[in-house]
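Student: Below: one structure in structure tokens.
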Amino acid sequence: ANRMSCTNNLKQIGMGIHNFESSYGTTPSVGQCESSAGTVTYTCVGWSVQILPYIEQEAVYKQFDTTFNPFGAGSGYNTASLHPKSLGRAYDDPANGAPAFAASKTQIKTYICPSTPIAGPSRDPVSGLGGIDYMAVALSDIITGATATANTPTFANYGTRGGVNDRVYGAMTCDGRKISAITDGSSNTILVIEDAGRAHPTVGLFGANASGGRVSALTSPTTPMTSPANNARRVFAWADPDAATNGVSGPSNSSGSKLAKINNNNSPTGGPTTCSWQTNNCGPNDEPFGFHSGGCNAVMADGSVRFLKDSIDAGTLKFICGADDGQVTNLD
């Protein structure tokens, strides 16, 4: 029953993205923009905020400013970390006033998988922000035989994290993309997949940190995070684009196996000593992860929901993340 409820959540998310596209002529911003130059930028507002009116959360959506120009003089934004098309105020912008940060505390049922063994309200004992168990795919840089580069001249690293030349990009972008422009086929491309169980770094086994350099869009955000760095991103809160979108790279920070797979290091709860869930890319921390036996759910770009087995080959996982890499994989 919980798995079916999770499936329904993803159907609603998929419909929300499609309905947004119908209204605006493009899919919403993926939020986390991984560029071909290797830099990471963000938009202030990502898909998890933009589709709120289409998942019966319009009152929450109205608390966000989605039109502000953050590039103006004295805006207080780290403009070097923002995508040029970024508009709106971040959820933790003090100038946004209390409404947006307060609205971000809303526990949105559609964003929580009931199979996850940590309840939504338990995930942020510090600020009480609402959690999210789903992530859009910004990119995948898993190494495959077809993309071996000068940095990885042999296939010895198949299934591990590569570099910029190994990247394929996901269904949604920060520039905007139509579903019809997904050249690998919308039924063959992941739109949003589970990344369930992330919580504030202080929450025991489920605590999740960002990677070191990922900081708030603001120089002085509301109630700033201090772990793993000052003003760090909240990789557990639905209002933060860094929680709602991630790359698929495998457990690249593990001191053991770095092979990319769904539900990596899922046992014991909290992860093994080689790959604690507090560590970025380990377990439910920026990687595909669900608490259903044998795999996790994903909504494809055509709106269909698939259960993806955790036995899927690393190369197959990469190819269903890429929207226009020319690699078409039939999951049937």
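Count along the sequence shown from 1, add 164, and you get the number used in my numbering. For each residue, glycine too, the CB sits at the ideal point set by N, CA and C.
#1: Work out the CA separation of Asn233 and Leu495 for me, nearest whole Å.
#2: Apart from the five residues just before and just after Arg341, which ones in its own chain have a Cβ nearer than 8 Å to its Cβ?
#3: Does the distance from the C-beta atom of Trp402 to that of Ile272 stay below 9 Å?
#4: Could you round the C-beta distance between His105 and Arg287 to whole angstroms and report it? I think they count as a contact, below 8 Å.
#5: Should Met299 be labelled buried (16 or more other beta-carbon atoms within 10 Å of its own) or exposed?
#6: Quick check: what's the CA-CA separation for Tyr241 versus Cys338?
#7: If you draw a straight line from the alpha carbon of Cys170 to that of Glu222, how long is it in whole angstroms?
#8: For the alpha helix (DSSP H) containing Val224, name the first residue and the last one.
#9: Indicate whether the contact test is met: 3 or more Cβ pairs, each with one atom in the region 434-446 and one in the region 362-377, closer than 8 Å.
#10: Taking DSSP as the reference, what is the three-state secondary structure of Leu251?
#11: Per DSSP, what kind of secondary structure is Asp348 in: helix, strand or coil?
#12: Helix, strand or coil for Val328? Go by DSSP, reduced to three states.
#13: State yes or no: is the C-beta of Ala381 within less than 9 Å of the C-beta of Ile296?
#14: Quick check on Thr191: does DSSP put it in helix, strand or coil?
#15: Judging by CA-CA distance, which residue of Pro248, Ser268, His247 is the nearest neighbour of Asp256?
#16: Write down the C-beta distance between Ser351 and Ser186 rounded to the nearest angstrom, noting that I regard them as a contact closer than 8 Å.
#17: Are the Cβ atoms of Arg362 and Ser279 separated by less than 9 Å?
#18: Do Asp330 and Thr347 have their C-beta atoms closer together than 9 Å?
Tutor: The structure says:
#1: Within the sequence shown, the letter at position 331 stands for residue 495. Within the sequence shown, the letter at position 69 stands for residue 233. Those two C-alpha atoms are separated by around 42 Å.
#2: Your numbering for residue 341 matches position 177 in the sequence shown. Closer than 8 Å at the Cβ level, and outside the excluded window around Arg341, lie Thr190, Thr191, Ala335, Ala487.
#3: Taking the sequence shown and counting its residues from 1, the one referred to as residue 402 is at position 238. Taking the sequence shown and counting its residues from 1, the one referred to as residue 272 is at position 108. It is a contact, given that the beta carbons lie within the stated cut-off.
#4: This structure does not reach residue 105, given that the chain is present from 165 up to 496, and the question cannot be answered.
#5: Position 135 of the sequence shown holds residue 299. In this structure Met299 is buried. Its beta-carbon is surrounded by 16 or more other beta-carbon atoms within 10 angstroms.
#6: Translated into the one-based positions of the sequence shown, residue 241 becomes position 77. Translated into the one-based positions of the sequence shown, residue 338 becomes position 174. Their Cα atoms are separated by approximately 18 Å.
#7: Taking the first residue of the sequence shown as 1, we reach residue 170 at position 6. Taking the first residue of the sequence shown as 1, we reach residue 222 at position 58. Near 21 Å, if we compare the C-alpha coordinates of Glu222 and Cys170.
#8: Here residue 224 refers to the residue found at position 60 when the sequence shown is read from its first residue. 222-225 is the extent of the alpha helix (DSSP H) around Val224.
#9: The region 434-446 is in contact with the region 362-377.
#10: Position 87 of the sequence shown holds residue 251. Here Leu251 carries a coil assignment [DSSP, helix/strand/coil].
#11: The count along the sequence shown starts at 1 and reaches residue 348 at position 184. In the three-state scheme derived from DSSP, where H, G and I count as helix and E and B as strand, Asp348 is classed as coil.
#12: What you label residue 328 is simply residue 164 of the sequence shown in a count that begins at 1. Helix.
#13: Walking along the sequence shown from the start, residue 381 turns up at place 217. Walking along the sequence shown from the start, residue 296 turns up at place 132. No, Cβ-Cβ distance for Ala381 and Ile296 is not below 9 Å.
#14: Residue 191 sits at position 27 when you count from the first residue of the sequence shown. Residue state, collapsed to three classes: coil.
#15: Numbered from its first residue, the sequence shown carries residue 256 at position 92. Among Pro248, Ser268, His247, the Cα nearest to that of Asp256 is on Ser268.
#16: What you label residue 351 is simply residue 187 of the sequence shown in a count that begins at 1. What you label residue 186 is simply residue 22 of the sequence shown in a count that begins at 1. About 19 Å separates the two Cβ atoms, so there is no contact after all.
#17: Along the sequence shown, read from residue 1 onward, the residue named residue 362 stands at position 198. Along the sequence shown, read from residue 1 onward, the residue named residue 279 stands at position 115. No.
#18: Translated into the one-based positions of the sequence shown, residue 330 becomes position 166. Translated into the one-based positions of the sequence shown, residue 347 becomes position 183. No.
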